[in-house]
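Q: For the sequence shown, UniProt numbering assigns the number 1 to the initial residue and increments by one for each residue that follows.
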Amino acid sequence: DSDVGRLTVMPFSKEEVTFVVKEGDSYLEWEFQTESRDIDFSLLFKRESKEGFETIEVIPKQRIDTSCEPEKGRFKCEKVGNCE
1 DSDVGRLTVM PFSKEEVTFV VKEGDSYLEW EFQTESRDID FSLLFKRESK EGFETIEVIP
61 KQRIDTSCEP EKGRFKCEKV GNCE
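1) Quick one: what's got a C-beta closer than 7 Å to Ser-36's C-beta in the same chain, skipping five residues either side?
2) Once DSSP output is grouped into helix, strand and coil, what is the label at Val-68?
3) Alpha carbon to alpha carbon, how far is Ile-39 from Arg-6?
4) Cutting at 7 Å between CB atoms, please list the residues of its own chain near Thr-34, excluding the five before and the five after it.
5) Below 8 Å on the Cβ atoms is my contact criterion, and I expect Thr-19 with Leu-28 to pass it. Report the Cβ-Cβ distance as a whole number of Å.
6) Under 6 Å Cβ to Cβ from Lys-76, same chain only, skipping five residues before and after it: list those, please.
Following this line, the structure appears as structure tokens:
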């Protein structure tokens, strides 16, 4: 089951996307590119734990210049939860 989407982020704006991971050992893949300059990107994984919600910083917030070539990545979600 593949859910592919397209998102346009305007300059100086912010977009957050949440993907619900319903099955363990699922993969989240991404590819993005800017028309000019760079963009902030990060990936968080959130899941329920005994203490409430646990947040794991998979990819810390970083600025990426993707004006010359797209940024591609993949994360294996070993457990159910949310990727943001």
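Cβ atoms here follow ideal geometry from the backbone N, Cα and C, with glycine treated the same way.
A: Let me lay it out:
1) Ser-67
2) For clarity, residue 68 is Cys in the given sequence; the question names Val instead. Reduced to three states, the DSSP call for Cys-68 is coil.
3) 16 Å
4) Thr-66 and Ser-67
5) As written in the sequence, residue 19 is Phe, which differs from the Thr given in the question. Correct: roughly 6 Å between the Cβ atoms.
6) Tyr-27
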